[in-house]
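For reference, each letter of the sequence shown is one residue, going -25 to -1, 1 to 474 in mature numbering (1 follows the signal peptide of the UniProt record, and there is no 0). So the structure is just underneath, and the comments pick up after that.
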Amino acid sequence: MILRRFSNSITWILFFITSLDLVLAKTTHHAEDKTVTLNLLRTQPILQSHKATLAKRQAVVETAPLQNFYGREYTVEIGVGTPPQHFNVTIDTGSTFFWVASTECPSEECPGSRFNPKASSTYQSQFGSFRLTYAIGDARGNPATDTVTIGNSLSVPNQVFGAVTGTSNFLTNAFDNPSSGILGLGFPALQSATSGISGDPFVTNLIKNNLISAPIFSVYMNSQYQYGSLGGAAITFGGIDQTKYTGELKYTAVQPYTIIMAGINNEYLYWSVKGASIGATFTGGQPYTHAMTNEDVVFDTGSTISYAPPDVVRGLVEGITGKPGNFSEENQLYFVDCNIRNNGGQLTLQLADNIDLTVSINELIFPLETLDPRDASSCVFAFAPMQTSSTGSSLDYITYLLGQSVMRSFYTVHDMGNHRMGFAPAVLSAMTDDSLGHARPTPSQDSNWRPMNPAGTPGSGNENAASSAPAAFGSYFKQVSLNYHFAMLILVAILAVHL
């Protein structure tokens, strides 16, 4: 996610991290191979380790359910404390720190479920405080340790985490069960570089203490139209689910970073690999291809859409639609005809080591005023121009961020032990009325719920709707930009610890 949130003014269909259906995760436990699979709860519209104790546990593979939040956010249920208090938190490969809202946070600032430290017999506060600064607000609180559990078999005592006591323009209450925090899945150096808080991140502890079979986790998101807890999305710790992809997994190396201003020298931070080319085409159209020149491509499960240089995004739109895109300068978005989802278009991506990936146009078109693209009159393209910065660091040269709009189309293996990523085409479920209907929000679920027509005229919106789209709509996407986090990382000290 690269540290980001959205404002309440954004329409329900575009919320990226707002709320989720609190559903008990179905867990598949394979003790013999030390893997655990947890279904991802895809919500719909957007440490200190005690090795002596942990070593006695048998490593597993755990698969946790993911909740698909209208194709805009994926959350997993996690337990904190003794006895465990359960929360849905956003999985985020673009950050590393784990935090949840606490009961010390006012309900208007933390409207979802909140962790009660007094109800946990294993909670230990730590000296100091932190503030996470985001593009539009912040989350602040106190570091602590407690037992953290996920699925039926993974439990880490004395796991460091953040107990958030307040937020500004961060958590929103769009639906009944808002997200209560973030589970960062980036590399441990990212946490130490930005926070100064001692202790290993959650996944690092699973690996160090031999709680999972292999130092990997794998993510399967399924189609953006497979909503809620029944969408089949899942995250697997310690192993790979071969039923979720076709063909064979192909691997390429993760790239380390050197950021002199942040004191980082050849460290692994993000799930970033080298790209070779990116392109787009549709049936009977003229293909567009852009060759990458030693450019990094960052994969971020916490970002709803994807980002590329402005000229590349323009080329992708023309290549997949067959005509110049209707770009809104105010919103920094391309509005497209919803009917192009039937033109056979696809995005092509080639990574280092000859890894070729394709994404169907159906996953690249976001309907605005309805969940069903078959009924939509206003749609946007799921790529936006990357906003650049001038911080003077090597991070300035990262111009590609691929979020959920791309990652849904393939199964990804995050190999921390070998510093590599694996990719294979995902087995995507077809869009059905059932997959859309059971998760559809209604005004009764949220008093602020409003269907949005960017053109302001019901029934007339189309690819020409960009001219009058609300400014908040564009800022929603821009606030997800990776470069916002980069700038914060170097110039603002995203997570400041006050001793």
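Each residue gets a CB set at the ideal place from its N, CA and C atoms; glycine is no exception.
Within the same chain, Ala399 come within 7 Å of Glu223 by CB-CB distance, once the 5 residues on both sides are set aside.
Thr38 counts as buried, since no fewer than 16 other beta carbons sit within 10 angstroms of its beta carbon.
Judged by pairs of C-beta atoms under 8 Å, the segment 205 to 214 does not touch the segment 293 to 311, as fewer than three such pairs exist. A distance below 7 Å separates the beta carbons of Val402 and Lys219.
Excluding five sequence positions before and after Ala114, the CB atoms of its chain that fall closer than 6 Å to its own CB belong to Leu107, Val139, Thr142, Phe145, given in chain order. The segment 85 to 121 contains, as complete beta strand (DSSP E) runs of 3+ residues, the segments 105 to 108 (chain order). Secondary structure note for Asp286: its alpha helix (DSSP H) is the uninterrupted segment 285 to 296. Per DSSP, Val229 lies in no beta strand (DSSP E) and is assigned neither H nor E.
Bridge pairing for Glu242: Tyr232 [DSSP]. By the neighbour-count criterion, in which 16 or more other beta carbons inside 10 Å mark a residue as buried, Asp121 falls on the buried side.
The closest CA to that of Thr264, considering only Ile253, Phe257, Val36, Glu270, is found on Ile253. Contact check for Thr65 against Ser193 fails: the beta carbons are separated by 7 Å or more. For Asp67, same chain residues with a beta-carbon under 7 Å away, outside a window of 5 residues either side, are Met(-25), Ile157, Leu158, Gly159, Leu160, Thr276, Gly277 in chain order. In this structure, the beta-carbon distance from Met391 to Pro190 falls below 7 Å. For Ser380, the enclosing alpha helix (DSSP H) covers residues 379 to 382. Across the set Ile315, Val135, Val355, the C-alpha of Val135 shows the shortest separation from the C-alpha of Thr97.
In this structure, Thr233 sits away from Gly294, with a CB-CB distance that is not shorter than 7 Å. A distance of 7 Å or more separates the beta carbons of Phe358 and Ser303. Distance from the CA of Ala76 to the CA of Ser95, rounded to the nearest whole angstrom, comes to 15 Å. Counting the other Cβ atoms within 10 Å of the Cβ of Asp175 gives 16 or more, which makes it buried.
For Ser143, the three-state secondary structure derived from DSSP is strand. Each of Gly250, Val288, Pro132, Gly297 was checked against the Cα of Arg316, and the nearest Cα belongs to Gly297. In the DSSP assignment, Ile215 falls outside any alpha helix (DSSP H), carrying neither H nor E. Taking the C-beta atoms as reference points, Gly378 is found no nearer than 7 Å to Thr227. When the beta-carbon positions are compared, Gly137 and Trp74 come within less than 7 Å of each other.
Closest option to Glu48, judged by alpha-carbon separation, among Gly214, Pro59, Asn63: Asn63.
Relative to Met267, the option among Val287, Phe274, Gly259, Gln261 whose CA is nearest is Val287. Across the set Leu291, Gly319, Tyr243, Ala251, the C-alpha of Gly319 shows the shortest separation from the C-alpha of Thr258. Leaving aside the five residues that flank Gln101 on each side, the residues in its chain whose CB is nearer than 6 Å to its CB run, in chain order, Pro118, Ala119. Taking the Cα of Pro58 as reference, the smallest distance to any Cα among Pro86, Phe72, Glu79, Lys93 is reached at Lys93. Taking Thr387 as reference, the option from Gly397, Ser380, Asn393 with the minimal CA-CA separation is Gly397. For Leu324, the closest of Ser130, Gln217, Pro262 by C-alpha to C-alpha distance is Pro262.
Closest in C-alpha terms to Cys80, from the list Ala168, Gly116, Ser167, Tyr245, comes Gly116.
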